[in-house]
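Numbering (full-length UniProt numbering), first residue to last: 1 to 135.
Here a beta-carbon is modelled for each residue, glycine too, at the ideal position from N, C-alpha and C.
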Ligand SMILES: [Zn+2]
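Structure (C-alpha cells):
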C-alpha cells in the first residue's frame, strides 16, 4: 500500500527536533524560542496558543544564563555520548527551562548558576557552572 507508506513518511518528517534551538553570534549564545504576547509565558517550541492563557505567541530570544533546576550523571549509553556524562535542567533567567549537557561527569549543584557556552555539532546545548571550586 504505497499511500500508507507516504503517510508514515510525512508523519516522521513532521516530527520536530525536541531540543531547544540556540544561536551563537559573536561568541555569545542566545536561546531561541517563543513567548506569549499576553502573559509572557516563555516556551522553547512554537505553539499557536499559549498553554497557560491561550493567548497568541511570538518569536523571542532568551538569556543563556540561569539557575540549575536539576542535574544528574548519566551512566547509560546514548548515541553520540560516552558515559558517564552529566546533564542539567537550566531555568533560564527570563526564559523557559532547557536541558543542557555539562562538562565532565559531576552534576551541578541545584540552585547554582550556570551559563550556556556552546552548541555541539549535533545540536546539543552545553553549559558550564558559574560556581567557584571549593578548595
Ligand atoms: Zn499566556
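The continuous beta strand (DSSP E) containing residue 116 extends over residues 113-119. Using a Cβ-Cβ distance cut-off of 8 Å, the segment 78-90 and the segment 101-112 are in contact, since at least three pairs of beta carbons, one from each stretch, lie closer than that value.
With respect to residue 47, residue 116 sits apart: the two C-beta atoms are not nearer than 8 Å.
Taking 8 Å as the upper bound for CB-CB distance, residue 60 and residue 35 are in contact here, some 4 Å apart.
In the displayed model, residue 33 falls within a strand according to three-state DSSP. If one requires a minimum length of 3 residues, the beta strand (DSSP E) runs lying completely within the segment 36-123 are 57-62, 65-74, 85-92, 97-102 and 113-119, in chain order.
Around ligand 1, the residues whose beta-carbon falls short of 5 Å from at least one of its heavy atoms are 36, 38, 39, 41, 50, 52, 53 and 55, given in chain order.
CA-CA distance, residue 37 to residue 74, rounds to 37 Å.
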